[in-house]
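Written below as structure tokens is the structure these notes are about.
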Amino acid sequence: MQNHPVLIILSLAAIFATLFGFAELFLGRHPWLSLPDIEARDSVNGSSRVLPFTVRNTSIFAIRTSALNCYVNLAYVMDANRKTIILRDFSYSKGAVTIEPEVNYYCDSEIISMDKDRRLILGFPDGQHLASPPSDFVPPLTVIKLCVGITGNYTTLGIKRNFRSARFQWPADPENRQWIKGTIAFDDDQSKWVPLSSKLGASYGLRALTAKNADGTTHLLPDALKCDVVN
């Protein structure tokens, strides 16, 4: 007696469903290709210098990225003499990363630092970075506002996929020292981010951030300190 093709198909479907259910229930991961899950660790009233992200593989298939990038939408910092620095639209990588089952990735205040010659180091000191000429900025640097995201790409089973996280802002507002994720619709008053008695020392970016007044002084453009929205 020959097995009916439909019964064979149903039996195989039941077996695969059981295996998939096992993967979901006991491993907490999908039995299909899926994008990594990226979350920032909450840091209520915590240090602005250590704000890591957890990048978790949500699939049973191993992920080795060809690059995992820290995208800096905005970094607004101040030195010991209350001179501020604005940086926008930079992306830096530490190279390939294996996500199995998860990794901690630091896309935070580490991406802007100062060396012994007072050069600003933009990026990862031990990876991709740019260095400014020696400056008159005085350490330490204090993070006022940070808007970052993580991007990357990987190939699994011959399929190349790109991914990016939501935008993360730290702090949520000047009085709320924790991350906020996604669209920050209420952050329209940019003047609240400018520290009292501070003076703009430098700005770097791929967009206009300042404009000259009639008397020769400089002012910030309305959206210079606002996180961009990720669609």
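The letter at position 166 of the sequence shown is residue 362 when you use the numbering used here, and the numbering goes up by one with no holes. We put the beta carbon where it would ideally sit given N, CA and C, even for glycine. Here the structure is a predicted model, which means the values were calculated and not measured.
Based on DSSP bridge pairs, tell me the residues matched to residue i.
i: ASP369; result: ASN372
i: GLY436; result: Given that the chain is displayed from residue 197 to residue 427, the structure contains no residue 436 and the question cannot be resolved.
i: TYR302; result: Paired residue(s): none; TYR302 is not in a bridge.
i: GLU235; result: THR250
Would residue i be called buried (16 or more neighbouring beta carbons within 10 Å of its own) or exposed?
i: LEU166; result: Within the shown structure, residues of the chain are numbered from 197 to 427, placing residue 166 beyond reach of any answer.
i: ILE355; result: exposed
i: VAL334; result: exposed
i: ALA271; result: buried
i: SER387; result: exposed
i: GLY412; result: exposed
i: PHE222; result: Residue placement at PHE222 cannot be trusted, given a pLDDT of 44 that sits under 50; the coordinates are not used to answer.
i: LEU353; result: exposed
i: SER262; result: exposed
i: ALA410; result: exposed
i: LEU402; result: exposed
i: LEU326; result: exposed
i: GLY291; result: exposed
For the candidate residues the options, whose alpha-carbon lies nearest to that of residue i?
i: ASP233; options: GLY397, ARG360, GLY378; result: ARG360
i: SER331; options: ILE346, ARG357, ARG315; result: ARG315
i: MET310; options: MET274, THR413, ALA236; result: MET274
i: ARG363; options: CYS266, ASP385, ARG403; result: CYS266
i: ASN300; options: LEU283, ASN253, LEU326; result: ASN253
i: TYR400; options: GLU235, GLY323, SER328, PHE249; result: SER328
i: LYS395; options: HIS415, ILE376, ASP385; result: HIS415
i: THR250; options: ASP313, GLU296, GLY397, LYS408; result: GLU296
i: ALA236; options: ASP383, GLY378, ASP313, PRO418; result: GLY378
i: THR294; options: GLY397, GLN324, ARG373, GLY348; result: GLY348
i: ILE256; options: PRO336, LEU283, GLU298, VAL268; result: GLU298
Checklist entry - Is there contact between the segment 384 to 395 and the segment 276 to 287, where contact requires at least three CB pairs shorter than 8 Å? => result yes
Next on the checklist: Check whether the segment 287 to 300 and the segment 311 to 329 are in contact - that is, three or more C-beta pairs closer than 8 Å.
Outcome noted: yes
Item to check | Cβ contact check for the segment 330 to 349 and the segment 366 to 379: 3 or more pairs under 8 Å | outcome: yes
Checklist entry - Can we say the segment 297 to 304 touches the segment 406 to 426, given the rule of at least three CB pairs closer than 8 Å? => result no
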